[in-house]
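> One structure coming up, written as structure tokens, with questions to follow.
2 protein chains.
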Amino acid sequence: MNDTLGDMRRSHHCNALGAADTGAQVVLMGWVQRRRDHGGVIFIDLRDREGITQVVFNPDRNAAVHEKAHAIRSEYVLAVRGVVEKRPEGMTNPALATGEIEVMVSELKILNRAQTPPFMIEDQVDVNENTRLASRHIDLRRPSLQSNIMMRHRAAAAARRYLNDQGFLDIETPFLTRSTPEGARDYLVPSRLNPGSFYALPQSPQLFKQLLMISGFDRYYQIVHCFRDEDLRADRQPEFTQIDMEMSFVGEEDIMAVSEGLISSVFQEVGRAAVSPPFARMTYQEAMERYGLDRPDTRFGLELCDISDIVAASGFHLFSNTVKKGGIVKALNAKGCAGFTRKQIDDFTDFVAVYRARGLAWIRVKEDEWQSPITKFFSEEEKQAMAARLDMQPGDLVFFGADQPGIVNESLGQLRNHLGKKLGLIDENAYEFVWITDFPMFEYDETEKRYQALHHPFTAPAEKDLEKLASDPVGMRSRAYDLVLNGSEIGGGSIRIHQKDVQVRVLEALGMDRAEYEEKFGFLLSALDSGAPPHGGIAFGFDRLMTILCNTSSIREVIAFPKTQKGACLMTAAPASATAAQLGELGLKVRRVEQS
Amino acid sequence: MNDTLGDMRRSHHCNALGAADTGAQVVLMGWVQRRRDHGGVIFIDLRDREGITQVVFNPDRNAAVHEKAHAIRSEYVLAVRGVVEKRPEGMTNPALATGEIEVMVSELKILNRAQTPPFMIEDQVDVNENTRLASRHIDLRRPSLQSNIMMRHRAAAAARRYLNDQGFLDIETPFLTRSTPEGARDYLVPSRLNPGSFYALPQSPQLFKQLLMISGFDRYYQIVHCFRDEDLRADRQPEFTQIDMEMSFVGEEDIMAVSEGLISSVFQEVGRAAVSPPFARMTYQEAMERYGLDRPDTRFGLELCDISDIVAASGFHLFSNTVKKGGIVKALNAKGCAGFTRKQIDDFTDFVAVYRARGLAWIRVKEDEWQSPITKFFSEEEKQAMAARLDMQPGDLVFFGADQPGIVNESLGQLRNHLGKKLGLIDENAYEFVWITDFPMFEYDETEKRYQALHHPFTAPAEKDLEKLASDPVGMRSRAYDLVLNGSEIGGGSIRIHQKDVQVRVLEALGMDRAEYEEKFGFLLSALDSGAPPHGGIAFGFDRLMTILCNTSSIREVIAFPKTQKGACLMTAAPASATAAQLGELGLKVRRVEQS
Chain A
1 MNDTLGDMRR SHHCNALGAA DTGAQVVLMG WVQRRRDHGG VIFIDLRDRE GITQVVFNPD
61 RNAAVHEKAH AIRSEYVLAV RGVVEKRPEG MTNPALATGE IEVMVSELKI LNRAQTPPFM
121 IEDQVDVNEN TRLASRHIDL RRPSLQSNIM MRHRAAAAAR RYLNDQGFLD IETPFLTRST
181 PEGARDYLVP SRLNPGSFYA LPQSPQLFKQ LLMISGFDRY YQIVHCFRDE DLRADRQPEF
241 TQIDMEMSFV GEEDIMAVSE GLISSVFQEV GRAAVSPPFA RMTYQEAMER YGLDRPDTRF
301 GLELCDISDI VAASGFHLFS NTVKKGGIVK ALNAKGCAGF TRKQIDDFTD FVAVYRARGL
361 AWIRVKEDEW QSPITKFFSE EEKQAMAARL DMQPGDLVFF GADQPGIVNE SLGQLRNHLG
421 KKLGLIDENA YEFVWITDFP MFEYDETEKR YQALHHPFTA PAEKDLEKLA SDPVGMRSRA
481 YDLVLNGSEI GGGSIRIHQK DVQVRVLEAL GMDRAEYEEK FGFLLSALDS GAPPHGGIAF
541 GFDRLMTILC NTSSIREVIA FPKTQKGACL MTAAPASATA AQLGELGLKV RRVEQS
Chain B
1 MNDTLGDMRR SHHCNALGAA DTGAQVVLMG WVQRRRDHGG VIFIDLRDRE GITQVVFNPD
61 RNAAVHEKAH AIRSEYVLAV RGVVEKRPEG MTNPALATGE IEVMVSELKI LNRAQTPPFM
121 IEDQVDVNEN TRLASRHIDL RRPSLQSNIM MRHRAAAAAR RYLNDQGFLD IETPFLTRST
181 PEGARDYLVP SRLNPGSFYA LPQSPQLFKQ LLMISGFDRY YQIVHCFRDE DLRADRQPEF
241 TQIDMEMSFV GEEDIMAVSE GLISSVFQEV GRAAVSPPFA RMTYQEAMER YGLDRPDTRF
301 GLELCDISDI VAASGFHLFS NTVKKGGIVK ALNAKGCAGF TRKQIDDFTD FVAVYRARGL
361 AWIRVKEDEW QSPITKFFSE EEKQAMAARL DMQPGDLVFF GADQPGIVNE SLGQLRNHLG
421 KKLGLIDENA YEFVWITDFP MFEYDETEKR YQALHHPFTA PAEKDLEKLA SDPVGMRSRA
481 YDLVLNGSEI GGGSIRIHQK DVQVRVLEAL GMDRAEYEEK FGFLLSALDS GAPPHGGIAF
541 GFDRLMTILC NTSSIREVIA FPKTQKGACL MTAAPASATA AQLGELGLKV RRVEQS
């Protein structure tokens, strides 16, 4: 039988005591991290969320307590009363905040016992992730997860503090909302009181926060869960957390300034390095040209370079034909990489194939020649022009992509990031922020044969481009902006459409007729017609931000109870089947699931 | 065409300027609350969330701007630049913080126009609630809703500040969880990646917060949405907000002390009166005896009084038979109410009938007699005993309930609250808190013929009652506690079971066999066996708390986007039908809905 807590209460956490406390009577409570028996004395590393303190059971000091301590095993939960003593000469542990002292125990309560854990509770544990997720309550005891979750708490608190100080109101928006089958897929929630009808879980509080601006709340924020029923990639979760904001009577500069203040506050609280706004700015077009991606990692160079004009008339038909057909040819000079083997180069070819590149041409720059299957196709003039534009020096390895712009940019942009990591070009302690601006308003969806909003249909077009709405939708820029950190998009937002007529024209450009937009967005249009102020906002992906701040590669390391890529919680075994009674009340039937 | 904001930026909110600012150049932005034309001059009350400032368009000062101002209508969105001037003698408005000044406008932008609102934007608006809910974006402009939502923000911020200072960690728990068909009905979310399987939206983060304690996080909190798919009563919403907490290595006293600190912080921020812990305590039994309810309104007396012993042998067979059959007879002395008419008394009879009382006996105490159909059945001795116990004085009106204890207590307890309001016994500015303790662990469910947990199955039994688990479940007390404020339960919690064997025995007492509890709660039992500390917690109903703090009768007045009693959002028309494609992906079919 376990001991009960009774009236015993902690006096200190397990990271609190030092030499200055010598002689103090203390009560500590926590978990057994490690037990050692040495010379008949039992030493326990007692752990809580704050740290570790060594507690000692010495038969010469208290024989009964020492006797009781024999039962102690790993992860048992203890309460100990004792006196703080300096550790003997040579026994101090400078790696531990409490390493100068130990607690000589005079009273021991074994509050709970524990089965041997399924894996060691330490960071370098070599166990597959599913095992850890199935016993998440034990996994969460590991120091790195403890630290990440506590850091997340501090980051959220810093964000709230900043936003409260800036006059933002934390206003809750509903989770049971209306499905708007635009953008990503909704999670549906069947309504029992309205059988056959469904709520949707929000992909973001977008329309509600706009309505709050229309209501006059002026500055809104929320740290809030959002939901997208997508096929889950490595770094996606079915539910994710946004720091969501909206402001009235503002333009892009105002939102960027507040965002920079917010990010600075959070990084000051938990970051590894200082952050100094204002952040760099770059247009979407420049980002695509120089980095191939709209989320450039600006911690290193290795920029892409367009050589379409140089090779347009070359004898290398793959290049010249590509240019003729409206494609582009871009190159990437991996300085000093001429030593890469053929095998390594083939691996890069495989790498870009993932991004639909059908090949990866390359030139190895030697002291006296260009080593490459394609050198022979170029004239001396073309070679000189290339060498000059790409700064080709002996020892360099140049990669080429030739295809439609989308494929070239994506594949070389990804290759650039890949090489940046591989070549050690990245300062892992640096935080490089850049605002991406002047996004296109629409993109043409070849599959659905219609225009789609690059951000969302409520994003305002650039004022000067408004007249292009009918004539040249793809040429329009929007008032959207993304914040990119170290090559990850951590936030995105826009100035919104606040005028009903503009909103109607944008919805029409997206292919909706009046009946459709009135049915889906009638309430928004009516609200825009009721005195809507100019407004805009932004949302930050809190999980991704924490992933970067915690210096981890997986989003699951910054979420207390994450799901697998199949959307399962391995601990509680969710999702699970519903009872017939539950389905009956909802008026639903599960159809036979086809096995494919 | 509307004016664009351009580079114009606000210098002040609409509640900021006073006589000290006279002569300042300012820029204000907001909505047109009211327009008056007087002597050729146009006066606008410009409103934002902070307040109202009078802005003036005077043709003698700026003819062009005055001309433009003619177009202004109610709820238009304006930006004005101008100079602060003292209002002329006799024109100041002491009811307004800015009532000493006005802004003489030199530049006007009409940022947006507005249709005439469907109802006036003022508090005393006489329009039915559904109309207001359908245009919630306009409804939210009313001063009381603006104030309530801002007060809610401040209350949440105060709660977080206090809990952060106390070492609590804000940790997010999942919304897509496993259904545990205990207690209330779950909202289900079909899983597309696992067709035929369902998540459930959490009724509370109960098990996750316990797991966090087992993981060693020590102090957890969250202000979080929870979901219950119940038939909605007036003051229920399908989703509601809890301030949810859990602590390790604690007993009841610790949680009550932290709770009192939390509540005091919130009330200090937004309350109408000071709150001074420690709060009163009362056992469940005492609350039932004196008030008939486990959430007694202790702002007034009018207590119930048991007279079963006095009437057990009386000639009034309704009373004596009730006592013989194990029922009770209780009375309520409405002092000074002998003047109530027969019609009024009949209304009270109807009132208690709602709570299943089959009648309401009464005695009017006159100077020289008891006026009542039942007086004749009592002996002199019985009458004397009653008069003494109930302090029956001329002018009093005594009500009697006779039935099974549950019915008597509920109906007379509700009648007591009803009379308290009707008789004006309640100080509407008082905050009367009381902790209710020593709840029964189980209650017997006559319908299902089994025991049910009065709180939830994870509530610890009182240590001294543990041995009654097999022999006398109904006689057991639990370690649960509720916090009651002015007759509303605003919070409830308990010390939890932290030992696996106790948890198993409680689940067995609830009628589960091993297969069932392993399937439903296997992960919890395994976690309790992995080093679970003693722990406990509490959750406060934030919506109800705000209802009291905002002094409003409806929960919908403290929620930005509430739903109707049918669970509908009248603005967005949620819930709505799903598309065939959506249902197909989920492997679901909507069955024909029976019209009943």
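The listed protein sequences correspond, in order, to chains A and B. Under the UniProt record's numbering, the very last position in the first sequence is 596; numbers go up by exactly one each time. Under the UniProt record's numbering, the very last position in the second sequence is 596; numbers go up by exactly one each time. Beta carbons are placed, not taken as given, at the ideal position from N, Cα and C, and that holds for glycine. Since the structure is predicted, the reported quantities are computational estimates derived from the model, not experimental observations.
1. According to the neighbour-count rule (16 or more other Cβ atoms, all chains shown, within 10 Å of its Cβ), is A/E172 buried or exposed?
2. Using three-state DSSP, classify B/V55 as helix, strand or coil.
3. Would you report the Cα separation of A/E246 and A/F521, rounded to the nearest angstrom?
4. Using a Cβ-Cβ cutoff of 8 Å, what residues of the region 169 to 183 of chain A are near chain B? List them in chain order.
5. Determine the contact status of B/S74 and B/A114, defining contact as a CB-CB distance below 8 Å.
6. Shorter than 8 Å from the beta carbon of residue 619 of chain B to some beta carbon of chain A?
7. Tell me the DSSP secondary structure of B/L176 in three-state form.
8. Taking B/P562 as the reference, which of B/L140, B/L111, B/S411 has the closest Cα?
9. Kindly list the residues whose CB is nearer than 6 Å to the CB of A/G51, restricted to its own chain and excluding five residues on each side of it in sequence; keep chain order.
10. Rounded to whole angstroms, what's the CA-CA distance from A/D297 to A/F316? Just pull it up for me.
11. Distance check for B/A338 and B/P394, CA to CA, integer angstroms please.
12. For a contact meaning CB atoms closer than 7 Å, what does B/N164 contact in chain A?
13. Runs of 3 residues minimum, wholly inside the region 507 to 593 of chain B: which ones carry the beta strand (DSSP E) assignment?
14. Quick check: what's the CA-CA separation for B/S596 versus B/L545?
15. Could you check what DSSP says for A/G395 in three-state terms: helix, strand or coil?
16. When the distance is taken between beta carbons, is A/M571 closer than 8 Å to B/L169?
17. Below 8 Å, can you find three or more Cβ-Cβ pairs linking the region 359 to 368 of chain A to the region 396 to 412 of chain A?
18. Suppose contacts are defined by Cβ-Cβ distances below 8 Å. Is A/V65 in contact with A/E102 by that definition?
19. Could you list the residues in the region 203 to 222 of chain A with a C-beta less than 8 Å from some C-beta on chain B, going in chain order?
20. Okay, do the region 70 to 86 of chain A and the region 273 to 291 of chain B touch, 3+ Cβ pairs below 8 Å being the bar?
21. Which residue's Cα is closest to the Cα of B/R9: B/E129, B/E107, B/Y444, B/N2?
22. Confirm, please, whether the CB-CB distance from B/D45 to B/V84 is below 8 Å.
23. Can you pull the chain A neighbours of B/N2, defined as C-beta to C-beta under 7 Å?
24. Here's the rule: buried if 16 or more other CB atoms are within 10 angstroms of the residue's CB, otherwise exposed. What is A/T53?
25. Using only alpha-carbon positions, find the residue among A/I497, A/R450, A/Q565 that is nearest to A/V474.
26. Inspect the beta-carbon positions of A/G536 and A/S494 and report whether they are closer than 8 Å.
27. Show which residues of chain B have a CB atom less than 7 Å away from the CB atom of A/H137.
28. Starting from B/P94, trace the alpha helix (DSSP H) both ways and give me its first and last residue.
29. When burial is assigned at 16 or more other CB atoms within 10 Å of the CB, is B/E382 buried or exposed?
30. Jot down the residue ranges of each uninterrupted beta strand (DSSP E) in the region 260 to 344 of chain B, minimum 3 residues, whole runs only, in chain order.
31. Can you give, in chain order, each stretch of the alpha helix (DSSP H) that sits fully within the region 461 to 493 of chain B and has at least 4 residues?
32. What span of residues does the alpha helix (DSSP H) with A/K68 cover, start to end?
33. Please classify A/E107: does DSSP put it in a helix, a strand, or coil?
34. Reducing DSSP to helix, strand and coil, say where A/S11 ends up.
35. Quick check on A/G18: does DSSP put it in helix, strand or coil?
The short version:
1. buried
2. strand
3. 19 Å
4. Near chain B, meaning a CB-to-CB distance below 8 Å, the residues of the region 169 to 183 of chain A are L169, D170, I171, E172, T173, P174, F175, L176, T177, R178, S179, P181.
5. yes
6. There is no way to answer for residue 619 of chain B, as the model of chain B reaches only from 1 to 596.
7. coil
8. B/L140
9. C14, N15, A97
10. 32 Å
11. 8 Å
12. A157
13. 535 to 541, 588 to 590
14. For B/S596, the predicted model reports a pLDDT of 42, less than 50, meaning its position is unreliable; a value from the coordinates is still stated below. Taking the straight line joining both Cα atoms gives about 37 Å.
15. If DSSP states are grouped into helix, strand and coil, A/G395 belongs with coil.
16. no
17. yes
18. Between A/V65 and A/E102, the CB-CB gap reaches or exceeds 8 Å.
19. Correct list: L207, F208, L211, L212, I214, S215, G216, F217, D218.
20. no
21. B/E107
22. no
23. Q499
24. buried
25. A/R450
26. yes
27. L211, I214, S215, A527, S530
28. Secondary structure note for B/P94: it is in no alpha helix (DSSP H), with a DSSP letter that is neither H nor E.
29. buried
30. Here the runs fully enclosed are 280 to 283, 304 to 306, 328 to 334.
31. 468 to 471
32. Per DSSP, A/K68 is one residue of the alpha helix (DSSP H) stretching across 63 to 69.
33. strand
34. coil
35. The answer is coil: DSSP assigns A/G18 none of H, G, I, E or B.
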